[in-house]
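First to last, the protein sequences are chains A and B.
With this note's numbering applied, the first sequence covers 833 to 902.
With this note's numbering applied, the second sequence covers 611 to 743.
Think of the CB as a built atom: it goes at the ideal place given N, C-alpha and C, for glycine as much as any other residue.
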Amino acid sequence: MRNRLKILRAQRKWSQSVLGDKLNVSRQTINAIEAGRYDPSLPLAFRIARLFEMTIEDIFECDDDLPPGP
Amino acid sequence: MTHQQATRRYFMIFVPSMIGYMVATIGVVWARDHADLPAMGLYVLAALPIIAILCTFWAHWRFITEIDEFLRTIQIKAVLFGLVCLMVMASVWGTLENLAGAPALDVFWLVPTFWLSYGAAALVITRRDGGVF
């Protein structure tokens with residue numbers, strides 16, 4: 833998944849540590865999400881969306897077409 | 611809870627437990643070799659290092675439940691790698707013992723095998739994925 837977390841964080845002049853504290857996760861977790869190495873769980877994605885007062889879709893975007901279901 | 615707090619809580623249990631394990635093991639070996647204890651007495655004494663080592667397992671379990679989801683993913687991947695190494699060692703050597711008459715391997719060595727392979731995997735995955743050492 834791609835995401836706009838880095839841009840949104842920069843707009844607010846928050847460091848990764850500050851954002852991590854606000855979301856109760858580590859700086860490393862924020863770094864991994866921003867770098868696209870880790871896709872957050874749905875509860876964390878909701879917490880991120882609430883913090884930025886946006887929807888999950890406004891922040892996260894799927895890289896490719898979703899694979900077909902069963 | 612922050613990663614630092616979880617790590618601190620982990621070491622607050624792990625370090626005393628390992629010290630207790632070493633002291634208890636030395637004590638049990640000394641008692642076995644120098645004191646004329648009944649077999650049941652040795653079993654009771656041997657429970658001391660066992661309890662200490664179980665405390666380290668519990669501390670590790672608690673650590674994994676207290677860190678955040680990304681760091682937990684790294685830990686779980688490392689634990690899975692450690693378990694795979696453990697199962698490979700047990701099944702390969704067990705088969706060699708049963709079918710080829712290989713010398714019996716002390717099951718005690720399964721736990722260090724797990725910790726070493728888990729530790730190596732945790733380092734590699736953390737370095738690759740950007741977690742915390």
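In chain A, which residues lie with their C-beta within 9 angstroms of the C-beta of residue i?
{"i": "MET681 of chain B", "result": "Note that residue 681 of chain B corresponds to Leu in the displayed sequence, not to Met. Chain A residues near LEU681 of chain B: VAL857, SER858, GLN860, THR861."}
Applying a beta-carbon distance threshold of less than 7 angstroms, which residues of chain B neighbour residue i?
{"i": "ALA864 of chain A", "result": "PHE680, ASP739, GLY740"}
{"i": "SER873 of chain A", "result": "GLU679"}
Check the C-beta distance from residue i over to residue j and give it rounded, since I have them as a contact under 8 angstroms.
{"i": "LEU693 of chain B", "j": "PHE724 of chain B", "result": "7 angstroms"}
{"i": "ILE677 of chain B", "j": "ALA732 of chain B", "result": "The Cβ separation is near 12 angstroms, so there is no contact."}
At a CB-CB cut-off below 8 angstroms, which residues of chain B make contact with residue i?
{"i": "ARG869 of chain A", "result": "ASP739, GLY740"}
What would DSSP say about residue i, mapped onto helix, strand or coil?
{"i": "PHE892 of chain A", "result": "strand"}
{"i": "ASN856 of chain A", "result": "coil"}
{"i": "ARG836 of chain A", "result": "coil"}
{"i": "ARG844 of chain A", "result": "coil"}
{"i": "SER873 of chain A", "result": "coil"}
{"i": "ASP739 of chain B", "result": "helix"}
{"i": "PHE884 of chain A", "result": "coil"}
{"i": "ASP643 of chain B", "result": "helix"}
{"i": "LEU690 of chain B", "result": "helix"}
{"i": "LEU715 of chain B", "result": "coil"}
Considering only C-alpha positions, which residue in the set the options is nearest to residue i?
{"i": "TRP719 of chain B", "options": "B:ALA645, B:TRP671, B:LEU690, B:MET699", "result": "B:MET699"}
{"i": "MET556 of chain B", "options": "B:ILE636, B:PHE673, B:ARG642, B:VAL721", "result": "Not covered by the structure: residue 556 of chain B. The range shown for chain B is 611 to 743."}
{"i": "ILE684 of chain B", "options": "B:ARG737, B:TYR620, B:MET611, B:THR617", "result": "B:ARG737"}
{"i": "ASP853 of chain A", "options": "A:ASN835, A:ARG879, A:GLU889", "result": "A:ARG879"}
{"i": "VAL633 of chain B", "options": "B:ALA662, B:THR675, B:ALA649", "result": "B:ALA662"}
{"i": "LEU876 of chain A", "options": "B:GLU679, B:LEU690, B:ASN708", "result": "B:GLU679"}
Report yes if the C-beta distance between residue i and residue j is below 8 angstroms; otherwise report no.
{"i": "LEU655 of chain B", "j": "ALA669 of chain B", "result": "no"}
{"i": "LEU681 of chain B", "j": "SER873 of chain A", "result": "no"}
{"i": "ILE891 of chain A", "j": "LEU855 of chain A", "result": "no"}
{"i": "GLU885 of chain A", "j": "ARG834 of chain A", "result": "no"}
Would you please verify whether the beta carbon of residue i is less than 8 angstroms from any beta carbon of chain D?
{"i": "HIS644 of chain B", "result": "Although the question refers to chain D, the structure presented lacks it and instead comprises the protein chains A and B."}
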